[in-house]
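S.K.:
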Amino acid sequence: MEAKEIFERLKSRLPDAVRESCAETAEPYVVIDPAHVRSVLTLLRDDPALRFEMLLLVTGVDQLEHFEVVYHLASLSHGHRIALKATLAHDDPHIGSVAAIYPAANWHERETYDLMGIVFDGHPNMRRILLPDDWEGHPLRKDYVAPEEYHGVSNEA
Amino acid sequence: MIDLSGDKPRVVTRLDREIDRIRRKASAARTEQENRILTLFDQICDEGLERNLLVAPLDLVFNWARAWSFWPVTFGLACCAIEMMAVGAPKSDIDRFGAGAFRPTPRQADLMIVAGTVTHKMAPRVKRVYDQMGEPRYVMAMGACTIGGGPYAIHGYHVVKGVNKILPVDVYVPGCPPRPEALLDGLFRLQDKVRQDTIAKLWREGFLPWKRKKSLKG
């Protein structure tokens with residue numbers, strides 16, 4: 026399926042969820058409404074014409090005035106790919122978890138929470154995954170300042 | 003060697019040097035005590051030759067044994083560990099130099115090769131493994147990350163900028179990662195260091211088992 030056909034199908038099934046789409050980039054993407062993230066991913070997975078069986082990546086982007094959560098999906102049976110972007114407010118960013126739809130999202134969402142501070146509501150285990158539990162801040166945010174020391178070990182080079 | 007014959011116990015670090023010192027003196031200038039030491043030493047040497055005994059300073063024996071039988075703890079943290087494994091493999095074969103017995107428990111090891119990036123999350127575990135090793139113990143910092151943070155030195159918010167912030171390091175092996183030959187060279191430098199040890203020095207610094215120094219704070 027071509028990217029434009031995927032956009033059309035998505036738009037006809039879930040007209041409220043799709044905000045804009047772009048097929049010119051290397052990876053065609055759709056900007057979706059964060060409130061509809063679960064229904065969009067369920068549709069992409071279950072629709073026989075789309076069949077996105079595989080969630081490749083969940084990640085976050087700090088765009089200074091807002092956060093973006095990006096989902097990369099691939100269909101092994103149809104051989105097509107798509108990216109989804111959801112825009113979140115910069116203060117207290119929240120989005121629904123898709124770990125129940127794609128189990129692969131479980132650790133990806135934890136990593137996104139750990140490094141970007143985006144909270145995934147409904148996640149079975151929303152804790153840090155890489156950094157220690159008592160770490161302060163989320164290092165991949167643009168306004169992050171590295172701590173001077175951690176547990177008495179100085180961070181100076 | 004500890005000389006207990008005088009009023010106060012006297013630590014004689016190297017028996018061979020002590021004998022040399024006495025021999026260099028004019029025989030008239032030697033004290034009665036020194037004459038007795040010389041006679042005793044000659045007796046030991048003569049009897050030893052008769053009975054096929056080898057007489058050597060205790061330091062020499064201890065250091066020889068230590069330098070040629072390091073038991074490293076199996077402790078790899080990142081890509082340097084791959085090179086550490088290569089050192090144990092046939093091409094480099096660290097076992098030729100007696101340091102190939104990688105132990106899965108620190109309690110049986112006396113050398114820790116810190117092979118890889120030490121993160122702040124890992125640092126307490128590194129420290130704990132070190133603390134569980136028996137004295138005398140040695141630490142080799144392998145690779146740029148353990149020496150000073152390496153590629154994470156400036157922006158690595160999560161990396162300990164050098165393992166010497168948490169452990170006393172004996173030998174630094176630079177490289178990213180170091181080649182197996184470099185790690186072998188690190189082992190030889192550590193052997194050189196061990197050969198400088200004397201039991202008297204270990205005694206003074208409290209590295210003997212019955213006079214253990216408190217471990218570093220961290």
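Protein sequence lines, in the order shown, are assigned to chains A and B. Sequential numbering of the first sequence, starting at 26, is according to the working numbering. Sequential numbering of the second sequence, starting at 3, is according to the working numbering. Even for Gly, the Cβ is constructed at its ideal location relative to N, Cα and C. From a predicted model like this one, the values you see are computed outputs, not experimental measurements.
Taking any Cβ of chain A, which residues in the region 161-192 of chain B have a Cβ under 8 Å from it, in chain order?
M.R.: V162, K163, K167 and I168
S.K.: What residues in the region 132-145 of chain B bring their beta carbon closer than 8 Å to a beta carbon of chain A?
M.R.: none
S.K.: Sorted by chain position, which residues of the same chain lie with C-beta nearer than 6 Å to K219 (chain B)'s C-beta, five sequence neighbours on each side aside?
M.R.: Locating residue 219 (chain B) in the second sequence gives position 217, counting from the first residue. The pLDDT assigned to K219 (chain B) is 47, lower than 50, so where the model puts this residue is not dependable; a value taken from the coordinates is nonetheless given after this. Sequence-distant partners of K219 (chain B) (beyond 5 residues in either direction) whose C-beta falls short of 6 Å from its own C-beta are missing from its chain.
S.K.: Would you tell me roughly how many angstroms separate the C-alpha atoms of L80 (chain A) and Y127 (chain A), rounded to the nearest one?
M.R.: The residue you call residue 80 (chain A) lines up with position 55 of the first sequence. The residue you call residue 127 (chain A) lines up with position 102 of the first sequence. Answer to the nearest angstrom: the Cα atoms are 7 Å apart.
S.K.: Taking the C-alpha atoms as reference points, what is the distance between L39 (chain A) and D71 (chain A)?
M.R.: On the first sequence, residue 39 (chain A) is found 14 positions in, with the first residue counted as 1. On the first sequence, residue 71 (chain A) is found 46 positions in, with the first residue counted as 1. The alpha-carbon atoms of L39 (chain A) and D71 (chain A) are separated by roughly 14 Å.
S.K.: I'd like to know if L218 (chain B) contacts chain A, where contact means its C-beta is closer than 8 Å to some C-beta of that chain.
M.R.: Here residue 218 (chain B) corresponds to residue number 216 of the second sequence, with the count starting at 1. For L218 (chain B), the predicted model reports a pLDDT of 48, less than 50, meaning its position is unreliable; a value from the coordinates is still stated below. No, because no Cβ of chain A sits closer than 8 Å to the Cβ of L218 (chain B).
S.K.: Count Cβ pairs between the region 59-79 of chain B and the region 150-160 of chain B that sit closer than 8 Å; are there 3 or more?
M.R.: no
S.K.: Which term fits K215 (chain B), buried or exposed, when burial requires 16 or more other beta carbons within 10 angstroms of its beta carbon?
M.R.: For the purposes of this step, residue 215 (chain B) is taken as residue 213 along the second sequence, with counting starting at 1. Its pLDDT being 48, under 50, K215 (chain B) is placed unreliably in this model, and the value from its coordinates should be taken loosely. Classification for K215 (chain B): exposed.
S.K.: Which residues bound the alpha helix (DSSP H) around G177 (chain B)?
M.R.: Within the second sequence, numbered from 1, the residue matching residue 177 (chain B) stands at position 175. Neither: G177 (chain B) is in no alpha helix (DSSP H) and is coded neither H nor E.
S.K.: Check whether the region 164-173 of chain B and the region 139-153 of chain B touch, using three or more Cβ-Cβ pairs below 8 Å as the test.
M.R.: yes
S.K.: Can you give the Cα-Cα distance for L179 (chain A) and H122 (chain B), rounded to whole angstroms?
M.R.: Numbered from 1 along the first sequence, position 154 holds the residue referred to as residue 179 (chain A). Numbered from 1 along the second sequence, position 120 holds the residue referred to as residue 122 (chain B). The question names Leu, but residue 179 (chain A) in the sequence shown is Ser. Looking at the two C-alpha atoms, the distance is approximately 10 Å.
S.K.: Is D139 (chain A) buried or exposed, if buried means 16 or more other CB atoms sit within 10 Å of its CB?
M.R.: Taking the first sequence and counting its residues from 1, the one referred to as residue 139 (chain A) is at position 114. So D139 (chain A) counts as buried.
S.K.: Taking only three categories from DSSP, how would you classify A74 (chain A)?
M.R.: Within the first sequence, numbered from 1, the residue matching residue 74 (chain A) stands at position 49. Coil at A74 (chain A), not helix or strand.
S.K.: State the start and end residues of the unbroken alpha helix (DSSP H) segment that holds H133 (chain A).
M.R.: Translated into positions along the first sequence, residue 133 (chain A) becomes position 108. Unbroken alpha helix (DSSP H) run through H133 (chain A): A130 to M141.
S.K.: How far does the alpha helix (DSSP H) with L98 (chain A) in it extend, from its first residue to its last?
M.R.: Mapped onto the first sequence, residue 98 (chain A) falls at position 73. That residue, L98 (chain A), is in no alpha helix (DSSP H); its beta strand (DSSP E) goes H91 to A99.
S.K.: With a threshold of 16 other CB atoms inside 10 Å of the CB of P149 (chain A), please say whether the residue is buried or exposed.
M.R.: Position 124 of the first sequence holds residue 149 (chain A). By the neighbour-count rule (16 or more Cβ atoms within 10 Å), P149 (chain A) is not buried but exposed.
S.K.: Can you name the residues that DSSP bridges to R106 (chain A)?
M.R.: On the first sequence, residue 106 (chain A) is found 81 positions in, with the first residue counted as 1. DSSP output for R106 (chain A) lists A:A99 as bridge partner(s).
S.K.: To which residues of the same chain is R153 (chain A) closer than 8 Å at the C-beta, ignoring the five residues directly before and after it?
M.R.: Looking up residue 153 (chain A) in the first sequence gives position 128. If we look at R153 (chain A) and ignore the five residues flanking it on each side, its Cβ neighbours are R135, Y138, D139 and W160.
S.K.: With 16 other CB atoms within 10 Å as the buried threshold, where does I115 (chain B) fall?
M.R.: Indexing the second sequence from 1 puts residue 115 (chain B) at position 113. Under this definition I115 (chain B) is a buried residue.
S.K.: Taking the beta strand (DSSP E) that A117 (chain B) belongs to, which residues open and close that run?
M.R.: Against the second sequence, residue 117 (chain B) aligns to sequence position 115. Here the beta strand (DSSP E) through A117 (chain B) covers L113 to A117.
S.K.: Give me the residue from A:H103, A:D58 and A:K110 with the minimum Cα distance to Q88 (chain A).
M.R.: Taking the first sequence and counting its residues from 1, the one referred to as residue 88 (chain A) is at position 63. Comparing Cα positions, the closest option is A:K110.
S.K.: For I156 (chain B), decide whether its Cβ has a neighbour in chain A, counting only Cβ atoms nearer than 8 Å.
M.R.: Mapped onto the second sequence, residue 156 (chain B) falls at position 154. Yes - at least one Cβ of chain A is within 8 Å of the one on I156 (chain B).
S.K.: Does S37 (chain A) come out as helix, strand or coil in the three-state DSSP assignment?
M.R.: As a first step, residue 37 (chain A) must be located in the first sequence, where it is residue number 12. Secondary structure of S37 (chain A) (DSSP, three-state): helix.
S.K.: Verify whether the separation of the beta carbon atoms of V128 (chain B) and P170 (chain B) is less than 8 Å.
M.R.: On the second sequence, position 126 is the one that residue 128 (chain B) refers to. On the second sequence, position 168 is the one that residue 170 (chain B) refers to. No, Cβ-Cβ distance for V128 (chain B) and P170 (chain B) is not below 8 Å.
S.K.: Which residues of chain B have a Cβ atom closer than 7 Å to the Cβ of Y175 (chain A), listed in chain order?
M.R.: Against the first sequence, residue 175 (chain A) aligns to sequence position 150. Neighbours of Y175 (chain A) on chain B, chain order: H122.
S.K.: Strictly by DSSP, which residues pair up with R105 (chain B)?
M.R.: Here residue 105 (chain B) is taken as the residue at index 103 of the second sequence, counted from 1. Paired residue(s): B:V75.
S.K.: DSSP state of E261 (chain B), grouped into three classes?
M.R.: One cannot answer for residue 261 (chain B) here, as it falls past the ends of chain B, which runs 3 to 220.
S.K.: Checking contacts by CB at 8 Å: is L156 (chain A) closer than that to chain B?
M.R.: Here residue 156 (chain A) corresponds to residue number 131 of the first sequence, with the count starting at 1. Chain B, which has a Cβ nearer than 8 Å to the Cβ of L156 (chain A), makes this yes.
S.K.: If you follow the beta strand (DSSP E) that F145 (chain A) is part of, which residue opens it and which one closes it?
M.R.: Locating residue 145 (chain A) in the first sequence gives position 120, counting from the first residue. Membership of F145 (chain A) in the beta strand (DSSP E) is indicated by the continuous run V144 to D146.
S.K.: Which full runs of the alpha helix (DSSP H) of 4+ residues lie inside the region 116-192 of chain B, going along the chain?
M.R.: Entirely contained in the region 116-192 of chain B, the alpha helix (DSSP H) runs reaching 4 residues are, in chain order, 125-134 and 146-150.
S.K.: Going by DSSP, what residues sit across from I120 (chain A) in a beta bridge?
M.R.: As a first step, residue 120 (chain A) is located in the first sequence; it is residue number 95 there, counting from the start. Its beta-bridge partners are A:F145.
S.K.: Taking the alpha carbon of L185 (chain B) as the reference point, which residue from B:A111, B:V63 and B:V175 has its own alpha carbon closest?
M.R.: Counting from 1 along the second sequence, the entry for residue 185 (chain B) is found at position 183. Of the listed residues, the one whose Cα sits closest to L185 (chain B) is B:V175.
S.K.: Interface residues of chain B around E181 (chain A) at Cβ under 8 Å?
M.R.: To locate residue 181 (chain A), count along the first sequence from 1; it is residue 156. Per Cβ cutoff of 8 Å: K163.
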